[in-house]
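Trainee: Residue numbers (the UniProt record's numbering): 1 to 229.
Virtual Cβ for every residue (Gly too), placed ideally from N, Cα, C.
All values derive from a computational prediction rather than experimental measurement.
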């Protein structure tokens, strides 16, 4: 099988790449696929783990699709990988990018998270989120798996967003899913896209990985019957 286009660009260029001018070769081919896709999946993760993918977008359509994955290099720099995949590979790519490692499902976390923590995580401010979480851990049992994960900075806040292209060509969110994951368990977070629009606390609910994956698969399923705004 011939090599599929795969380019690496320094920095986070995801938002502007598809409309860039003067592209040639593989870059032009990938940008063209982005422009024809009607649906897009956004995966954004805030985590102290530098090896975790910070953000990925998947332009979805029948046939060839495009992934743009932004991550931190071992040197601390940011780079974006943009590459072509087949539609059938979307589940595999989504699982690989998402922090869905097996866990023992020890659900000893609180029923809520402060809105300030969720907002900081949504903004991708890792240091601020980590500090707020460590402070929050002091309010609960110090021997709980949840509190220990906060203190050890072993957590990931991830949001999956399904977007549809409007008649004007822009993408708008249609479905979202947010989670807070530690080595011990995963929790679904009842967070809107903009946390400050809620009260002081946001509910979280224990969720098994199989349940979580079922919710994620809905977000990347191609659904021609979805109505555009």
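1. Buried or exposed, going by whether 16 or more other CB atoms sit within 10 Å of the CB of residue 162?
2. How about the stretch 25-34 and the stretch 80-100: do they share at least three Cβ pairs that are nearer than 8 Å?
3. Any contact between the stretch 179-190 and the stretch 142-149? By contact I mean 3 or more CB pairs, one from each, below 8 Å.
4. Apply the 10 Å Cβ neighbour rule to residue 221 and answer buried if 16 or more other Cβ atoms are within range, or exposed otherwise.
5. Is residue 90 near residue 53, with beta carbons less than 8 Å apart?
6. Just mark residue 68 as buried or exposed, buried being the case when its beta carbon has 16 or more other beta carbons within 10 Å.
7. Taking 7 Å as the cut-off, is the CB of residue 162 close to at least one heavy atom of the ligand COA?
8. Taking Cβ positions, are residue 176 and residue 193 nearer each other than 8 Å?
9. Are residue 160 and residue 100 closer than 8 Å when you measure CB to CB?
10. Taking three-plus beta-carbon pairs below 8 Å as touching, is the stretch 106-121 in contact with the stretch 129-142?
11. Per DSSP, residue 41 is paired with what?
12. Using three-state DSSP, classify residue 114 as helix, strand or coil.
13. Quick check: what's the CA-CA separation for residue 61 versus residue 71?
14. Which residue from 207, 111, 206, 46 puts its Cα closest to that of residue 97?
Mentor: Once the coordinates are examined:
1. buried
2. yes
3. yes
4. exposed
5. no
6. buried
7. Looking at this structure, you won't find the ligand COA or any other ligand, since it has none at all.
8. yes
9. no
10. yes
11. In the DSSP output, where bridge partners are listed per residue, residue 41 has 58, 162.
12. strand
13. 24 Å
14. 46
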